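Q: Quick note on numbering: our numbering labels position 180 of the sequence shown as 254, and the sequence is numbered without any gaps. Let me give you the structure first, and then I'll get to my questions.
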Amino acid sequence: MKISVYSPLRISFAGGGTDISPFFEKYGGAVFNTTIDRGILLRYTDDKMPLEVSSRDFLKSAIVLKQNSSVEDKIMELFMSNGIKTGKLIINSDVPPGSGLGSSSALITGILKIIYKITNKNKNSYEIAEEAYNIEKTNFGIVLGKQDPYAISVGGLKYMEFSKNSVITEAFNLENDFIETLQKSMLLVYTGKTRESSNALRDQVIKSEKNDSDTLNKLLKIKGLAASMEKAFKTSDYGEFCNIVNSGWEIKKTLGEKVSSEKVDDIIDFAKSIGARAARLLGGGLEGFILLITPPDNVNNLQKEMLKKSEFVIRVRFDAMGSRMVSPF
Numbered sequence: 075m076k077i078s079v080y081s082p083l084r085i086s087f088a089g090g091g092t093d094i095s096p097f098f099e100k101y102g103g104a105v106f107n108t109t110i111d112r113g114i115l116l117r118y119t120d121d122k123m124p125l126e127v128s129s130r131d132f133l134k135s136a137i138v139l140k141q142n143s144s145v146e147d148k149i150m151e152l153f154m155s156n157g158i159k160t161g162k163l164i165i166n167s168d169v170p171p172g173s174g175l176g177s178s179s180a181l182i183t184g185i186l187k188i189i190y191k192i193t194n195k196n197k198n199s200y201e202i203a204e205e206a207y208n209i210e211k212t213n214f215g216i217v218l219g220k221q222d223p224y225a226i227s228v229g230g231l232k233y234m235e236f237s238k239n240s241v242i243t244e245a246f247n248l249e250n251d252f253i254e255t256l257q258k259s260m261l262l263v264y265t266g267k268t269r270e271s272s273n274a275l276r277d278q279v280i281k282s283e284k285n286d287s288d289t290l291n292k293l294l295k296i297k298g299l300a301a302s303m304e305k306a307f308k309t310s311d312y313g314e315f316c317n318i319v320n321s322g323w324e325i326k327k328t329l330g331e332k333v334s335s336e337k338v339d340d341i342i343d344f345a346k347s348i349g350a351r352a353a354r355l356l357g358g359g360l361e362g363f364i365l366l367i368t369p370p371d372n373v374n375n376l377q378k379e380m381l382k383k384s385e386f387v388i389r390v391r392f393d394a395m396g397s398r399m400v401s402p403f
């Protein structure tokens, strides 16, 4: 048996942070996000040998559980808990883990699709997303936004609302002029390092649990920005779309000391000085990828200039689909 699964990564334009427990369970969360044309490819072959997990990104492999709580060990435990004890899993990603693009959720949703294929279980994208969310929190000990597994499992450009007992999604057709303009406006700039997102988000969680009024007020404003972005998108208001990205980042970086850094601020300031209309660090904070938005006629120049600050500056487009089976290798 050979199985290949591709899980796209995601960009969050607005609302990130409001989808983190316990805030969304008490006040409801809202996000505006999309999957992109960068992702993780997982290839599984049942060669009837003891289970082997290997990753180019971690430069590690595992064939026996070592009880050291490594990512590879936890992946093996996930397979074995579903009765899968043989085979070879190879993981290849377009970006390093911990880059702010939802890579852990892309990994887990992809693994679940492989497991359900092997065990002949039918699960829809929302069921897979919910299970991935619980596995990341419980098995992997990750502090994450609920949007990550849902954005990646469902796929596409969408506005999402989260509450304690429901997830509501409004998906948008990718075939229109405004979306094409946005796609031609975007760059991702790598800061040169990754980070453990849980460390950056843990302060927010603690403050939310304590009902810290300043934190809650900021998160409510960020939630409102996600709803405003939905309206800006529907009216094809490019300027307002950019303003909301900037406003969200200005609030987000005040949520904790580990959200931004001197390096991130320097990259963003430089980008704006040469024509970027909007900029924000993606994910939990501190390191990873910075999203830049600039008029399409400035993208080439901006990409060239940003290479002075980073060795990895890429253009991206939206991906209409979520985690899916692809042709076996």
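The beta carbon of each residue, even a glycine, is placed where N, CA and C say it ideally should be. Just so it is clear, the structure is predicted and the values come from calculations on it, not from any experiment.
Are there 16 or more other CB atoms within 10 angstroms of the CB of glutamate 361, so buried, or fewer, so exposed?
A: It counts as buried.
Q: Who are the Cβ neighbours of leucine 294 in its own chain at under 7 Å, not counting the five residues just before and after it?
A: Counting only Cβ-Cβ distances below 7 Å, and skipping sequence neighbours, we find Tyr101.
Q: Check whether the Cβ atoms of phenylalanine 246 and leucine 261 lie closer than 8 Å to each other.
A: Result no, Cβ atoms of phenylalanine 246 and leucine 261 do not sit closer than 8 Å.
Q: Let me check understanding here. Comparing Cα to Cα, which of Asn198, Ser401, Phe392 lies closest to aspartate 111?
A: It is Phe392 whose Cα lies nearest to the Cα of aspartate 111.
Q: Could you give the C-beta distance for aspartate 120 and serine 179, rounded to a whole number, given that I count them as a contact under 8 Å?
A: Aspartate 120 to serine 179, Cβ: 25 Å. No contact.
Q: Please state whether DSSP places threonine 255 in a helix, a strand or coil.
A: Residue state, collapsed to three classes: helix.
Q: Quick check on this structure: which residue in Asn107, Met150, Ala88, Val127 has the alpha carbon closest to the alpha carbon of leucine 248?
A: Minimum Cα distance to leucine 248 is reached at Asn107.
Q: Note down, in chain order, each residue of its chain lying with its Cβ closer than 8 Å to the Cβ of threonine 289, except the 5 sequence neighbours on either side.
A: The answer, listed in chain order, is Gln278, Lys281, Ser282, Leu329.
Q: What residues are listed by DSSP as bridge partners for leucine 186?
A: Answer is none; leucine 186 lacks a bridge partner.
Q: Does DSSP classify aspartate 147 as helix, strand or coil?
A: Aspartate 147 falls in the helix class under three-state DSSP.
Q: Which residues in the same chain have their Cβ closer than 7 Å to the Cβ of lysine 327, if we skip the five residues on either side of it in sequence?
A: Hits under 7 Å: Val333, Ser334.
Q: Could you check what DSSP says for methionine 75 in three-state terms: helix, strand or coil?
A: If DSSP states are grouped into helix, strand and coil, methionine 75 belongs with coil.
Q: By Cβ distance, which residues of its chain are closer than 8 Å to threonine 193, with the 5 residues on each side in sequence left out?
A: Around threonine 193: Asn156, Gly157, Ile158.
Q: In this structure, does DSSP put threonine 289 in helix, strand or coil?
A: If DSSP states are grouped into helix, strand and coil, threonine 289 belongs with the helices.
Q: Assign methionine 234 to one of two classes, buried (16 or more other C-beta atoms within 10 Å of its C-beta) or exposed (fewer than that).
A: Buried: at least 16 other Cβ atoms inside 10 Å.
Q: Roughly how many angstroms lie between the CA atoms of serine 240 and tyrosine 224, to the nearest whole one?
A: Each residue's Cα considered, the two are about 12 Å apart.
Q: Do you know offhand how far valine 145's Cα is from threonine 309's?
A: The alpha-carbon atoms of valine 145 and threonine 309 are separated by roughly 43 Å.
Q: So, using beta-carbon positions, are isoleucine 185 and leucine 218 closer together than 8 Å?
A: No, the Cβ-Cβ distance between isoleucine 185 and leucine 218 is not below 8 Å.
Q: What is the residue span of the alpha helix (DSSP H) that methionine 380 lies within?
A: First-last of the alpha helix (DSSP H) with methionine 380: 373-380.
Q: Taking the Cβ atom as the reference point for each residue, do proline 369 and serine 199 lie within a distance shorter than 8 Å?
A: In this structure, serine 199 does not lie closer than 8 Å to proline 369 by Cβ.
Q: For valine 319, tell me which candidate among Lys337, Glu331, Ser128, Lys297 has the shortest Cα-Cα distance.
A: Per the Cα distances, Lys297.
Q: For glutamate 235, which beta-bridge partners are listed by DSSP?
A: Ala104, Ile242.
Q: Look up proline 369 in the DSSP assignment and say whether it is helix, strand or coil.
A: In this structure, proline 369 counts as coil in the three-state DSSP scheme.
Q: Considering only their Cβ atoms, is the gap separating serine 384 from glycine 266 smaller than 8 Å?
A: The answer is yes: Cβ separation under 8 Å.
Q: So, is arginine 130 buried or exposed, given that buried needs 16 or more other C-beta atoms within 10 angstroms?
A: By the 10 Å Cβ count, arginine 130 comes out exposed.
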